[in-house]
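*Asks:* Residue numbers (my numbering): 439 to 770.
Virtual Cβ for every residue (Gly too), placed ideally from N, Cα, C.
All of these numbers come straight from a predicted model, not from anything done at the bench.
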């Protein structure tokens, strides 16, 4: 039955793309240089760290950067100014967890706007902030906005979503859609069979450059203290990891790979909104496992304020490293 629905979905995607390709559905230029960053599958592909990396590169050149996102999982509708570049102006409930995470990481580097209508949002942001470059977050399938550069991230641990379209697999489009990209970034490149992934990409898009990217843990930050980490208090003790992201297993594996001692772990659905009941469950599981503290992601951390933890909670800060970075930066 899932195969039937996947076939129907595939025909819909094919017709939709054909309408963009032949001009039946117009593609609208934005009022500044535009770079799209998206993916081919559902779930976490390392797209958010890639968005942040691109914004940092552009801001480092003195560009006035604006990130346009739909704000998936937010409770609000309409346009939300998540950050004016100087301060974060919205919470995860209003703007979505990923936009707030991005805004916190890019203070003094980028404006962040959540709006389902990215064309209208771009015109507004250009007038308000004098934007010189737009970054479209998760826009590979959202083709209404024209883009100068189309970048796609592919997760090395799950590159092609089981090889089937939704809902039978995790592909949002057929693999051949990679041919629309100007560059492919294989994330989590320290995992997976890179040779076979590159071969498949080259089969459908032989002229598209391929880059490899890896994340590395650079430290822990206590959630109630964004300044000085209290990691000295957890030396030689075990932690309990939890997250609600698209690829939870990768987070847990990276902690172990970088020698963090875990007594246990718990995963929640992507974009999960935490409640006091969740924290009670986490505390009980951590106590039973013999853990002294919690480890979580920056994406989860923006939704934990005010919740009743009794054990310390640390955000795992990461850095995103792209091979041939100068060549990649030249595309932006």
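#1: Take the Cβ of residue 732 as the centre, count every other Cβ of all protein chains shown within 10 Å, and call the residue buried at 16 or more, exposed below.
#2: Would you kindly report the start and end of the unbroken beta strand (DSSP E) that includes residue 654?
#3: For residue 775, count the other beta carbons within 10 Å of its own beta carbon; 16 or more makes it buried, fewer makes it exposed. Which is it?
#4: With distances taken Cα to Cα, identify the nearest neighbour of residue 679 among 717, 627, 651 and 447.
#5: Terminal residues of the continuous beta strand (DSSP E) containing residue 461?
#6: Helix, strand or coil for residue 568? Go by DSSP, reduced to three states.
#7: If you measure between the beta carbons of residue 549 and residue 533, is that distance less than 8 angstroms?
#8: For residue 600, which residues in the same chain have their Cβ closer than 7 angstroms to its Cβ, ignoring the five residues on either side in sequence?
#9: Over the uninterrupted alpha helix (DSSP H) stretch that includes residue 693, give me the two end residues.
#10: For residue 597, which residues of its own chain have a beta-carbon under 6 angstroms away from its beta-carbon, when the five flanking residues on both sides are left out?
#11: Does the count of Cβ pairs from the segment 724 to 731 and the segment 648 to 656 closer than 8 angstroms reach three?
#12: Determine, using beta-carbon pairs with one atom in the segment 467 to 475 and one in the segment 587 to 594, whether at least three such pairs fall under 8 angstroms.
#13: Name the two residues that bound the continuous alpha helix (DSSP H) containing residue 723.
#14: Leaving aside the five residues before and after residue 756 along the sequence, list all residues of the same chain whose C-beta is less than 6 angstroms from its C-beta, in chain order.
#15: Return the bridge partner residues of residue 452 from the DSSP annotation.
#16: Apart from the five residues just before and just after residue 767, which ones in its own chain have a Cβ nearer than 6 angstroms to its Cβ?
#17: If contact is defined by three or more beta carbon pairs under 8 angstroms, each pair taking one atom from either stretch, is the segment 481 to 491 in contact with the segment 439 to 457?
#18: Name the one or two DSSP bridge partners that residue 474 has.
#19: Should residue 578 and residue 504 be called a contact, given that it needs their Cβ atoms to be closer than 8 angstroms?
#20: Give a yes or no on whether the C-beta atoms belonging to residue 489 and residue 555 are separated by under 8 angstroms.
#21: In its own chain, which residues sit with a C-beta less than 6 angstroms from the C-beta of residue 511, not counting the 5 before and 5 after it?
#22: What are the boundary residues of the beta strand (DSSP E) that residue 755 is part of?
#23: What residues are listed by DSSP as bridge partners for residue 521?
#24: Taking only the alpha-carbon atoms, compute the straight-line gap between residue 752 and residue 561 and give it to the nearest angstrom.
#25: Report the three-state DSSP secondary structure of residue 666 (helix, strand or coil).
#26: What number of angstroms, rounded off, separates the C-alpha of residue 644 from the C-alpha of residue 580?
#27: Once DSSP output is grouped into helix, strand and coil, what is the label at residue 699?
#28: Suppose you measure from the CA of residue 663 to the CA of residue 602; what does that come to, to the nearest Å?
#29: If you reduce the DSSP assignment to three classes, tell me which class residue 443 lands in.
#30: What does the Cβ neighbour count give for residue 443, buried or exposed, with the cut at 16 atoms within 10 Å?
#31: Let's test the definition: count the other Cβ atoms within 10 Å of the Cβ of residue 764 and tell me whether it reaches 16, buried, or not, exposed.
#32: Among 541, 522, 713 and 445, whose alpha-carbon lies nearest the alpha-carbon of residue 744?
#33: If we ignore side chains and look at the alpha-carbon of each, how far apart do residue 701 and residue 695 end up?
*Replies:* According to the data block:
#1: Reading the chain shown from its first residue, position 294 is the one you call residue 732. Its Cβ being crowded by 16 or more others within 10 Å, residue 732 is buried.
#2: Position 216 of the chain shown holds residue 654. Counting along the chain, the beta strand (DSSP E) containing residue 654 begins and ends at 648 to 660.
#3: Lying outside 439 to 770, the shown extent of the chain, residue 775 is not represented and no answer is given.
#4: Translated into the one-based positions of the chain shown, residue 679 becomes position 241. When only C-alpha atoms are compared, the closest one is 717.
#5: Translated into the one-based positions of the chain shown, residue 461 becomes position 23. Where residue 461 is concerned, there is no enclosing beta strand (DSSP E), given that its DSSP letter is neither H nor E.
#6: As a working note, residue 568 is residue 130 in the chain shown. In this structure, residue 568 counts as coil in the three-state DSSP scheme.
#7: The residue labelled residue 549 in the question sits at position 111 within the chain shown. The residue labelled residue 533 in the question sits at position 95 within the chain shown. No, the Cβ-Cβ distance between residue 549 and residue 533 is not below 8 angstroms.
#8: As a first step, residue 600 is located in the chain shown; it is residue number 162 there, counting from the start. Correct list, in chain order: 607 and 608.
#9: Position 255 of the chain shown, counted from the start, is the residue given in the question as residue 693. That run of the alpha helix (DSSP H) goes 686 to 695.
#10: To locate residue 597, count along the chain shown from 1; it is residue 159. Excluding sequence neighbours, residue 597 sits near 635.
#11: no
#12: yes
#13: Mapped onto the chain shown, residue 723 falls at position 285. That run of the alpha helix (DSSP H) goes 714 to 727.
#14: Position 318 of the chain shown, counting from 1, holds the residue named residue 756. 653 and 655.
#15: As a working mapping, residue 452 is identified with position 14 in the chain shown. Residue 452 is not bridged to any residue.
#16: Numbered from its first residue, the chain shown carries residue 767 at position 329. Taken in chain order, the residues that qualify are 495.
#17: no
#18: Translated into positions along the chain shown, residue 474 becomes position 36. DSSP, once it has assigned bridges, lists 574 and 588 as partnering residue 474.
#19: Walking along the chain shown from the start, residue 578 turns up at place 140. Walking along the chain shown from the start, residue 504 turns up at place 66. For residue 578 and residue 504, no; Cβs fall outside 8 angstroms.
#20: On the chain shown, position 51 is the one that residue 489 refers to. On the chain shown, position 117 is the one that residue 555 refers to. No, these two residues do not count as a Cβ contact at 8 angstroms.
#21: As a position in the chain shown, residue 511 is number 73, starting the count at 1. Result list for residue 511: 534 and 709, in chain order.
#22: Your numbering for residue 755 matches position 317 in the chain shown. 751 to 760 is the span of the beta strand (DSSP E), which, as asked, contains residue 755.
#23: Numbered from its first residue, the chain shown carries residue 521 at position 83. Answer is 526 and 550, bridged to residue 521.
#24: Within the chain shown, numbered from 1, the residue matching residue 752 stands at position 314. Within the chain shown, numbered from 1, the residue matching residue 561 stands at position 123. Residue 752 and residue 561: Cα-Cα distance of roughly 39 angstroms.
#25: Translated into the one-based positions of the chain shown, residue 666 becomes position 228. Because residue 666 sits at a pLDDT of 40, beneath the cut-off of 50, its placement in the model cannot be relied upon, and the following sentence gives the value as read from the coordinates. Residue state, collapsed to three classes: coil.
#26: The sequence position of residue 644 within the chain shown is 206, counting from 1. The sequence position of residue 580 within the chain shown is 142, counting from 1. Taking the straight line joining both Cα atoms gives about 23 angstroms.
#27: For the purposes of this step, residue 699 is taken as the residue at position 261 of the chain shown. Coil, per DSSP.
#28: In the chain shown, residue 663 corresponds to position 225, counting from 1. In the chain shown, residue 602 corresponds to position 164, counting from 1. The pLDDT assigned to residue 663 is 48, lower than 50, so where the model puts this residue is not dependable; a value taken from the coordinates is nonetheless given after this. Distance between the alpha carbons of residue 663 and residue 602 is about 44 angstroms.
#29: By 1-based counting over the chain shown, the position of residue 443 is 5. The answer is helix: DSSP assigns residue 443 an H, G or I state.
#30: Numbered from 1 along the chain shown, position 5 holds the residue referred to as residue 443. By the 10 Å Cβ count, residue 443 comes out exposed.
#31: One-based indexing of the chain shown puts residue 764 at position 326. It counts as exposed.
#32: Translated into the one-based positions of the chain shown, residue 744 becomes position 306. Residue 744 has its Cα closest to that of 713, out of 541, 522, 713 and 445.
#33: For the purposes of this step, residue 701 is taken as residue 263 along the chain shown, with counting starting at 1. For the purposes of this step, residue 695 is taken as residue 257 along the chain shown, with counting starting at 1. Their backbone Cα atoms lie some 15 angstroms apart in a straight line.
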